[in-house]
Amino acid sequence: MDPLELFEARKSIRSYTRTAPSREDLEKMVKAACLAPTGKNRQNWHIVYTENREFITKAAALILEKSERLTVQLKDERQKESLQRITPFTVFFRDAPALIFFFHGEYSVTGAEALRQTGAQDESKALLQAAPGIQGAAAAMENFLLCAAMLGYGTCWMTAPLFAARELEALIGLDMEGFRLMALSPLGRPDPEVKTLRPARKPAGEMVTVIP
Ligand SMILES: Cc1cc2nc3c(=O)[nH]c(=O)nc-3n(C[C@H](O)[C@H](O)[C@H](O)COP(=O)(O)O)c2cc1C
Numbered sequence: 065m066d067p068l069e070l071f072e073a074r075k076s077i078r079s080y081t082r083t084a085p086s087r088e089d090l091e092k093m094v095k096a097a098c099l100a101p102t103g104k105n106r107q108n109w110h111i112v113y114t115e116n117r118e119f120i121t122k123a124a125a126l127i128l129e130k131s132e133r134l135t136v137q138l139k140d141e142r143q144k145e146s147l148q149r150i151t152p153f154t155v156f157f158r159d160a161p162a163l164i165f166f167f168h169g170e171y172s173v174t175g176a177e178a179l180r181q182t183g184a185q186d187e188s189k190a191l192l193q194a195a196p197g198i199q200g201a202a203a204a205m206e207n208f209l210l211c212a213a214m215l216g217y218g219t220c221w222m223t224a225p226l227f228a229a230r231e232l233e234a235l236i237g238l239d240m241e242g243f244r245l246m247a248l249s250p251l252g253r254p255d256p257e258v259k260t261l262r263p264a265r266k267p268a269g270e271m272v273t274v275i276p
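Note that my numbering has the sequence shown beginning at 65, numbered continuously upward.
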């Protein structure tokens with residue numbers, strides 16, 4: 065198989081049929097996530113999976129309520145307009161048969177504390193901004209989504225709903241110290257009636273700099 069076929073199989077899907085993934089397929093997706101690299105092999109990520117309609121509807125309602133609350137409070141018209149424009153892209157998961165929340169756990173960044181204690185605050189901050197802990201959790205999420213695509217499922221990496229992360233975390237009630245919500249994704253069979261086009265990519269050559 066041409067390896068690019070796997071990556072071409074994944075696209076952000078925003079319309080789903082009602083068929084939930086089989087347990088067997090779900091297990092494969094989780095195993096794929098487990099194979100991802102993580103810093104110091106900490107495996108500092110966790111998945112919360114649900115097919116519970118009431119729960120999914122409640123999660124969407126919390127996001128819409130937060131969006132409304134922010135819109136009412138905002139004075140800046142441009143911010144208001146931008147929040148209103150993005151809101152449909154935060155709740156379309158409510159029509160999918162399953163929803164996955166990806167959490168990242170705490171991670172101690174090598175050298176950050178050493179830099180801070182030796183007066184290199186800016187360097188320490190820049191190092192933390194590279195977020196190595198989140199990089200590992202994101203690698204696990206990408207593995208999960210690619211495996212889902214290989215099995216014929218649709219997904220969509222979503223972070224726009226995270227303006228309501230506190231409310232979503234409270235709803236989920238995950239009892240794992242230091243774990244924070246990183247992203248979510250619907251999961252299900254893509255609606256065959258809806259054609260999804262892949263947004264254009266920059267030319268690959270523009271994405272690479274080679275040191276001769
Ligand atoms: C970190 C991240 C956050 C994203 N957040 C959202 C989101 O909240 N809502 C949404 O509809 N799409 C979201 N997307 C999907 C992107 O819009 C999509 O990946 C991009 O347009 C490329 O399209 P493709 O995934 O079909 O290749 C997100 C993707 C990433 C990687």
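Glycine included, C-beta positions come from ideal geometry on N, C-alpha and C. Note that the structure is a prediction, hence the values are computed from the model and not measured.
Query: Contacting residues, own chain, Cβ-Cβ under 6 Å from residue 160 (five flanking each side not counted); Result: 80, 250 and 252
Query: Best match in 276, 118, 226 and 157 for proximity to residue 254 [C-alpha to C-alpha]; Result: 157
Query: The stretch 207 to 220 / the stretch 85 to 95 touching (three or more Cβ pairs under 8 Å); Result: yes
Query: Unbroken stretches of the beta strand (DSSP E), 3 residues or longer, contained in the stretch 215 to 264; Result: 244 to 252
Query: Cβ neighbour criterion (16 or more within 10 Å) applied to residue 220; Result: buried
Query: Burial state of residue 150 (16 or more Cβ within 10 Å); Result: exposed
Query: Check whether residue 153 and residue 245 have beta carbons under 8 Å apart; Result: no
Query: Endpoints, beta strand (DSSP E) assigned at residue 163; Result: 162 to 168
Query: Inside the stretch 118 to 178 only - alpha helix (DSSP H) runs reaching at least 4 residues; Result: 141 to 150 and 152 to 155
Query: Residue 163 and residue 231 closer than 8 Å at C-beta; Result: no
Query: Cβ-Cβ distance between residue 170 and residue 179 below 8 Å; Result: no
Query: Cβ-based burial, residue 116 [other Cβ within 10 Å; buried from 16]; Result: exposed
Query: Any non-hydrogen atom of ligand 1 within 7 Å of residue 101 CB; Result: no
Query: Own chain partners of residue 141 with C-beta closer than 7 Å, once the 5 adjacent residues on each side are dropped; Result: none
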